[in-house]
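Presented below is the structure to which this report refers.
Number of protein chains: 2
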Amino acid sequence: MSGFMYYTPTKVVFGKDAEAQVGALVAEQNARKVLLHHGGGSVVKSGLLNRVKASLTEAGVDFIELGGAVPNPRLSLVYRGIELCRSEDVDFLLAVGGGSTVDSAKAIAFGAAEDGDVWDLFDRKRQATACLPVGVVLTLAATGSEMSDSTVITNEDGWIKRGYGSNLCRPVFAVMNPDLTKTLPDYQTACGCTDILMHTMERYFVSVPRLELTDSIAEALMRTVIHYAGVLKNDPQNDRARAEIMWAGSLSHNDLTGSRANGGADFSSHALEHELGGVYDVAHGAGLAAVWGSWARYVYRDCLPRFKKFAVRVMGVAETGTDEEIALKGIEAMEGFFRSIGMPISLAELGIHPTDEELKQLAHKCSVSAGGAKGSAKVLHEADMLAIYRMAL
Amino acid sequence: MSGFMYYTPTKVVFGKDAEAQVGALVAEQNARKVLLHHGGGSVVKSGLLNRVKASLTEAGVDFIELGGAVPNPRLSLVYRGIELCRSEDVDFLLAVGGGSTVDSAKAIAFGAAEDGDVWDLFDRKRQATACLPVGVVLTLAATGSEMSDSTVITNEDGWIKRGYGSNLCRPVFAVMNPDLTKTLPDYQTACGCTDILMHTMERYFVSVPRLELTDSIAEALMRTVIHYAGVLKNDPQNDRARAEIMWAGSLSHNDLTGSRANGGADFSSHALEHELGGVYDVAHGAGLAAVWGSWARYVYRDCLPRFKKFAVRVMGVAETGTDEEIALKGIEAMEGFFRSIGMPISLAELGIHPTDEELKQLAHKCSVSAGGAKGSAKVLHEADMLAIYRMAL
Chain W
47 MSGFMYYTPT KVVFGKDAEA QVGALVAEQN ARKVLLHHGG GSVVKSGLLN
97 RVKASLTEAG VDFIELGGAV PNPRLSLVYR GIELCRSEDV DFLLAVGGGS
147 TVDSAKAIAF GAAEDGDVWD LFDRKRQATA CLPVGVVLTL AATGSEMSDS
197 TVITNEDGWI KRGYGSNLCR PVFAVMNPDL TKTLPDYQTA CGCTDILMHT
247 MERYFVSVPR LELTDSIAEA LMRTVIHYAG VLKNDPQNDR ARAEIMWAGS
297 LSHNDLTGSR ANGGADFSSH ALEHELGGVY DVAHGAGLAA VWGSWARYVY
347 RDCLPRFKKF AVRVMGVAET GTDEEIALKG IEAMEGFFRS IGMPISLAEL
397 GIHPTDEELK QLAHKCSVSA GGAKGSAKVL HEADMLAIYR MAL
Chain E
47 MSGFMYYTPT KVVFGKDAEA QVGALVAEQN ARKVLLHHGG GSVVKSGLLN
97 RVKASLTEAG VDFIELGGAV PNPRLSLVYR GIELCRSEDV DFLLAVGGGS
147 TVDSAKAIAF GAAEDGDVWD LFDRKRQATA CLPVGVVLTL AATGSEMSDS
197 TVITNEDGWI KRGYGSNLCR PVFAVMNPDL TKTLPDYQTA CGCTDILMHT
247 MERYFVSVPR LELTDSIAEA LMRTVIHYAG VLKNDPQNDR ARAEIMWAGS
297 LSHNDLTGSR ANGGADFSSH ALEHELGGVY DVAHGAGLAA VWGSWARYVY
347 RDCLPRFKKF AVRVMGVAET GTDEEIALKG IEAMEGFFRS IGMPISLAEL
397 GIHPTDEELK QLAHKCSVSA GGAKGSAKVL HEADMLAIYR MAL
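Residue numbers (our numbering), protein chains in the order written: chain W, 47 to 439; chain E, 47 to 439.
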């Protein structure tokens with residue numbers, strides 16, 4: 047068996063009213079000064095931000111505030127956050143919001159901990175050697191950033207969306223109250239469920255050996271998410287479903303369902319979507335659903351045993367017919383699931399209609415950002431990426 | 047849903063020859079002086095201890111050595127370790143061995159970090175507020191101590207075996223090379239598989255609500271352990287099975303399969319076994335197998351839905367007949383599994399034949415150590431414990 051590293055230091059406090067504990071959790075970290083980062087909007091309207099501030103004040107924590115985090119978080123705001131950290135001597139980042147806010151906070155934390163342009167990390171010019179500690183109050187179950195080692199930022203200069211990963215930015219704590227996710231629009235809930243599924247699927251469809259234990263945990267997680275995403279479609283306030291999905295969001299991307307290192311994950315669908323998200327400002331989960339089926343049809347013959355196993359064990363496809371037929375039925379079943387929760391399965395359904403020239407640019411940027419090639423189920427080069435984008439139209 | 051805390055800070059380095067990284071892992075912790083703790087015996091014979099020392103020396107780590115850790119680790123050795131830490135200014139514990147060595151190292155780490163008698167922790171007289179960091183090179187897949195928050199020590203004065211739990215003693219790293227477990231006697235391998243299963247079963251049979259995600263992960267883990275324990279029975283050198291079981295050992299007891307806090311775990315079988323282990327020096331896993339079936343038959347009516355779910359989803363029992371019949375078939379199937387890997391399912395098969403007076407003493411000690419009552423599937427008092435011991439004869 048190939049080896050792996052597993053490192054999930056994040057202290058998770060999960061359950062009703064968990065946000066009341068945030069002050070104590072920050073105080074435990076002995077922070078001098080905290081930058082409270084959020085997106086404004088719903089965290090203000092819902093009263094969450096005030097509850098968090100009250101908890102910090104009660105615990106005697108000194109903090110300043112930076113709002114304005116947006117989906118596909120922007121480099122310009124990251125730069126502003128870094129300046130603020132320097133001028134105000136901040137040594138702890140507290141993100142209150144969804145994955146975008148967490149990613150934005152992580153990028154600020156990298157930038158504030160070292161000299162040099164933080165974009166160099168995303169641009170693969172250097173590796174981080176330090177990062178301020180980050181804590182999270184999560185309001186949206188989707189990206190798994192609350193336990194993951196990664197952050198994705200969009201550089202407005204060229205609208206380039208890039209990820210960077212390092213164990214240094216795994217949050218020190220994550221406060222998760224499933225009730226907070228109940229105010230999300232249904233479309234965002236479905237996008238989140240899709241993103242959660244995809245974080246495990248990206249790890250599942252690989253060409254390297256995996257433990258059966260890891261496979262069976264991944265399959266259990268995928269079946270659970272598929273089931274409760276369906277429950278939320280019909281009953282968005284369902285307590286159990288909100289809790290199941292929120293915890294699945296963290297476990298799906300903290301490497302429990304597969305180590306990302308050493309080819310242990312594919313992440314081609316993510317790479318293809320990231321280029322779309324950089325240019326079109328589409329919801330990440332919807333973008334993933336829009337490209338996944340085309341990616342799967344393009345690569346499944348190169349990773350047939352795993353597509354077959356997925357079809358049978360996760361999608362409940364009967365083991366009759368050839369392996370290819372079973373694998374294709376699994377792909378169809380997953381697309382059927384995406385449709386059932388209101389997700390697009392093509393770029394047209396996503397609401398975008400790129401020209402072939404635009405697809406070529408997307409494929410080129412995707413290939414460059416991946417260092418020329420990407421994937422484990424099948425290694426994709428620029429021409430493959432273009433072919434998948436064309437299939438996805 | 048009830049809330050939980052999840053905290054697994056241990057950095058796991060898993061795979062072939064992983065022990066070569068131990069020097070670098072300790073150096074990362076900036077330790078001044080390390081106490082290298084082990085049991086002598088097999089770690090010396092196999093050459094592992096020399097490889098670990100070479101790795102430490104190569105990394106420039108200063109260390110002293112304390113051998114002598116034994117199964118059901120003893121308080122007297124813990125005291126010796128604490129004195130050594132104080133006289134030698136030790137600030138890091140490195141355990142090389144199985145769960146007993148890790149538990150022994152954790153107890154030393156508690157004792158060396160604070161004034162006062164470390165046994166007070168196990169005797170429920172105070173809570174720990176500090177613990178030296180502990181690292182692990184694991185040679186045996188069983189107790190899960192390499193990621194858990196607990197340590198179990200036997201006080202030779204009265205042969206009292208007690209556990210203590212605190213997040214403070216979760217190891218900072220665990221090096222896991224499945225090859226190292228290949229030299230174990232088959233009986234010890236089977237004992238380890240039993241202990242691993244039991245750590246998840248103790249969390250599964252509870253009366254508090256659990257997430258379906260947690261249940262499905264727990265069931266996946268139990269099925270995997272049952273399968274690969276069978277593989278190892280016939281093929282002890284099987285690489286895949288050794289790896290599956292070793293990783294399952296960590297995940298089974300790090301709270302992924304259920305939070306121990308707030309009644310989220312039962313651990314009555316462990317409590318019943320601990321008293322046996324304190325007096326008779328039996329192998330922990332074998333002791334668990336010897337009492338589990340009697341415990342299950344005593345409590346299953348009070349926790350029927352979960353015993354039924356276990357029977358169907360883990361043991362593959364058909365859903366025909368009454369819930370009680372299905373639950374009982376599940377218990378029988380688990381006992382059949384224990385038998386199939388050479389584990390005892392009674393005290394007689396375990397090789398001990400206590401008098402009724404001795405059983406009464408065991409039940410009394412068990413009740414006292416549990417603060418009068420124990421359990422979640424069904425809360426057990428002294429009379430219940432005695433009844434179960436009698437059933438287990």
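Glycine residues also receive a C-beta, built at the ideal position from the N, C-alpha and C atoms.
Backbone CA spacing between residue i and residue j [nearest angstrom]
i	j	result
E/Gly190	E/Pro119	15 Å
W/Asp430	W/Val218	39 Å
W/Val116	E/Asn76	39 Å
W/Glu371	W/Thr270	25 Å
W/Ala105	W/Glu134	20 Å
E/Val363	E/Met380	11 Å
E/Gly85	E/Gly324	19 Å
W/Pro351	E/Tyr274	21 Å
W/Gly113	W/Ala70	22 Å
W/Tyr210	W/Lys420	15 Å
E/Asp163	E/Tyr52	29 Å
W/Asp225	W/Arg286	10 Å
Identity of the residue in the options nearest residue i by Cα
i	options	result
W/Leu393	W/Phe384, W/Arg352, W/Leu439	W/Leu439
W/Thr56	W/Leu95, W/Lys406, W/Arg347, W/Met222	W/Met222
W/Pro390	W/Gly367, W/Val358, W/Leu405, W/Val328	W/Val328
W/Val252	W/Lys91, W/Asp348, W/Ser92, W/Ala66	W/Asp348
E/His299	E/Gly324, E/Asp195, E/Val180, E/Val254	E/Asp195
E/Leu441	E/Phe383, E/Glu428, E/Ser415	What is shown of chain E runs 47 to 439, which leaves residue 441 of chain E out entirely.
W/Val27	W/Val68, W/Tyr52, W/Met51	Nothing can be reported for residue 27 of chain W, as the shown portion of chain W is limited to 47 through 439.
W/Trp341	W/Ser422, W/Thr229, W/Met193	W/Ser422
W/Phe50	E/Ser262, E/Thr200, E/Glu290, E/Asp312	E/Glu290
W/Phe313	W/Thr103, W/Phe138, W/Val425	W/Val425
W/Thr401	W/Gly382, W/Arg436, W/Phe383, W/Gly417	W/Arg436
W/Phe353	W/Gly295, W/Pro224, W/Ser305, W/Met247	W/Met247
W/Gly93	W/Asp63, W/Asn280, W/Cys215	W/Asp63
E/Ile206	E/Cys131, E/Asp166, E/Leu259	E/Asp166
E/Ala176	E/Glu192, E/Asn213, E/Ala187	E/Asn213
W/Met193	E/Ala416, E/Gly418, E/Thr54, E/Glu378	E/Thr54
W/Thr260	E/Ala66, E/Glu378, E/Met292	E/Met292
W/Glu65	W/Val80, W/Gly87, W/Lys91, W/Ser101	W/Ser101
Cβ-based neighbour list, residue i, same chain, cut-off 8 Å, excluding 5 preceding and 5 following
i	result
W/Leu334	Thr240, Asp241, Met244, Ser315, His316, Glu319
E/Ser122	Glu202
W/Lys99	Leu82, Phe109
W/Thr366	Ile372
E/Ala73	Ala105, Gly106, Val107
E/Tyr233	Ala329, Ala332, Gly388
8 Å contact criterion, which residue i and residue j should meet: CB distance rounded
i	j	result
E/Thr227	E/Arg288	5 Å
W/Ala158	W/Leu140	The Cβ separation is near 13 Å, so there is no contact.
W/Gly127	W/Ile154	4 Å
W/Cys237	W/Ala188	7 Å
E/Gly304	E/Ala311	6 Å
E/Tyr344	E/Ala433	6 Å
W/Cys215	W/Thr229	With 8 Å as the limit, W/Cys215 and W/Thr229 do not qualify as a contact, their Cβ atoms being about 27 Å apart.
Nonlocal neighbours in the same chain, by C-beta distance under 7 Å from residue i, ignoring five residues either side
i	result
E/Val360	Glu265, Met268, Arg269
E/Val89	Leu95, Val142, Gly143, Thr185
E/Leu396	Val328, Ala332, Gly333, Ala336, Pro390
E/Asn284	Val277, Leu278
E/Ile199	Pro119, Leu121, Val124, Asp149, Ala153, Phe168, Arg208
W/Phe383	Ile272
Close Cβ partners of residue i (< 6 Å) along its chain, the five nearest in sequence each way excluded
i	result
W/Ala357	Val363, Ile372, Ala373, Lys375, Gly376
W/Glu321	Leu408, Lys411, Cys412
E/Arg78	Asp137
Cβ-heavy atom distance, residue i to the ligand GTP, below 7 Å
i	result
W/Asn76	Ligands in the displayed structure: none, and consequently the ligand GTP is not present.
C-beta neighbour in chain B for residue i, strict 8 Å
i	result
W/Ile272	Absent here is chain B; the protein component of the structure consists of chains W and E.
Q: Taking only beta carbons into account, state which residues of the segment 236-251 of chain W come closer than 7 Å to chain E, listed in chain order.
A: none
Q: Please list the residues of the segment 52-72 of chain W that have a C-beta atom closer than 7 Å to any C-beta atom in chain E, keeping them in chain order.
A: Tyr52, Tyr53, Thr54, Pro55, Lys57, Val58, Val59, Phe60, Gly61, Lys62, Ala64
Q.
Please identify, using Cβ separations under 7 Å, the residues of the segment 289-309 of chain E that lie next to chain W, in order along the chain.
A. Ala289, Glu290, Trp293, Ala294
Q: Pull out every residue of the segment 161-189 of chain W whose Cβ sits closer than 8 Å to any Cβ of chain E, in chain order.
A: none
(Q) Beta carbons nearer than 8 Å to chain W: which residues of the segment 365-388 of chain E have them? (A) none
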